[in-house]
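S.K.: Pasting a structure here, questions to come.
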Amino acid sequence: MKKNESDLPKEWIELVKEAMKSNITKDDFKIFLEKEKEKRKKHKL
């Protein structure tokens with residue numbers, strides 16, 4: 001399922017925009033997102 005920008009919380013949109021302006025690679029950003037996902041999953045338990 002593809003989400004559009006309006007489906008995302010503002011904090012995530014800002015994070016993506018900031019990453020796009022920086023020198024981070026797509027792979028590095030993907031790793032970062034995976035780590036964030038795991039952290040959030042652990043906090044929900």
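Take the sequence shown: its letter number 22 is residue 22 in the working numbering, and every next letter is one higher.
All C-beta atoms in this analysis are idealised placements derived from N, C-alpha and C, irrespective of residue type, glycine included.
(1) Expressed to the nearest angstrom, what Euclidean distance is found between the alpha-carbon atoms of residue 10 and residue 27?
(2) Straight-line CA distance for residue 39 to residue 29?
(3) On the DSSP letters alone, give me the boundaries of the alpha helix (DSSP H) that residue 46 sits inside.
(4) Note down the Cα distance separating residue 13 from residue 42, rounded to an integer number of angstroms.
(5) Where residue 23 and residue 17 are concerned, what is the direct C-alpha to C-alpha distance, given to the nearest angstrom?
M.R.: According to the data block:
(1) So the two alpha carbons sit approximately 22 Å from each other.
(2) Each residue's Cα considered, the two are about 15 Å apart.
(3) This structure cannot settle anything about residue 46, because the visible part of the chain is limited to 1 through 45.
(4) Rounded to whole angstroms, residue 13 and residue 42 show a C-alpha spacing of 23 Å.
(5) Distance between the alpha carbons of residue 23 and residue 17 is about 12 Å.
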